[in-house]
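**Student:**
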Amino acid sequence: MANIYRKSEPETREVEVFGLDLHEEDREALRADPDKFIRELLEPEIQKVNAVSLDVELTNSLTNGGPFASYIVHHTVSGEFASDVEITRREE
Numbered sequence: 000m001a002n003i004y005r006k007s008e009p010e011t012r013e014v015e016v017f018g019l020d021l022h023e024e025d026r027e028a029l030r031a032d033p034d035k036f037i038r039e040l041l042e043p044e045i046q047k048v049n050a051v052s053l054d055v056e057l058t059n060s061l062t063n064g065g066p067f068a069s070y071i072v073h074h075t076v077s078g079e080f081a082s083d084v085e086i087t088r089r090e091e
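Just so you know, the sequence shown maps onto residues 0 to 91 in numbering that gives the first Met the number 0.
#1: What is the residue span of the beta strand (DSSP E) that Ser-7 lies within?
#2: Measure the C-alpha to C-alpha separation of Ser-60 and Val-51 and round it to an integer number of angstroms.
#3: Please state the DSSP three-state secondary structure of Leu-41.
#4: Between which residues of its own chain and Glu-65 is the CB-CB distance below 7 Å, once the five residues before and five after are set aside?
#5: In terms of residues, what are the limits of the alpha helix (DSSP H) holding Ala-28?
#6: Going by C-alpha distance, which of Ala-28, Pro-33, Gly-18 and Met-0 is nearest Val-55?
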């Protein structure tokens, strides 16, 4: 059975939230290199991103040709040059 546990105590973090609308013309660039696409998209707002995490629904949509939707981008900053981006589907 799976086991989940906290690896450290929570730290004070800053979280920014962005909206992201993906369109058909974005599909090929995103499919070719999701990490690069997201980093370049965020570059004007976020200079250094350590990690990019994508919602499973988004990756499934890339592989099976499903429709794109609106997503939420959570940018978490936990220190200087410690920045992570998570992209999840926006609740309708």
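Note that the Cβ used here is the ideal one computed from N, Cα and C, for glycine as well.
Nothing here was measured: the structure is a model prediction, and the numbers come from that model.
**Tutor:** Put simply:
#1: Ser-7 -> no beta strand (DSSP E), and no H or E assigned at all.
#2: Those two C-alpha atoms are separated by around 17 Å.
#3: Taken through DSSP and simplified to helix, strand or coil, Leu-41 comes out as helix.
#4: It should be noted that the sequence gives Gly, not Glu, for residue 65. Excluding five sequence positions before and after Gly-65, the CB atoms of its chain that fall closer than 7 Å to its own CB belong to Asn-59, given in chain order.
#5: Residue range 26–31 is occupied by the alpha helix (DSSP H) that includes Ala-28.
#6: The candidate whose alpha carbon is nearest that of Val-55 is Pro-33.
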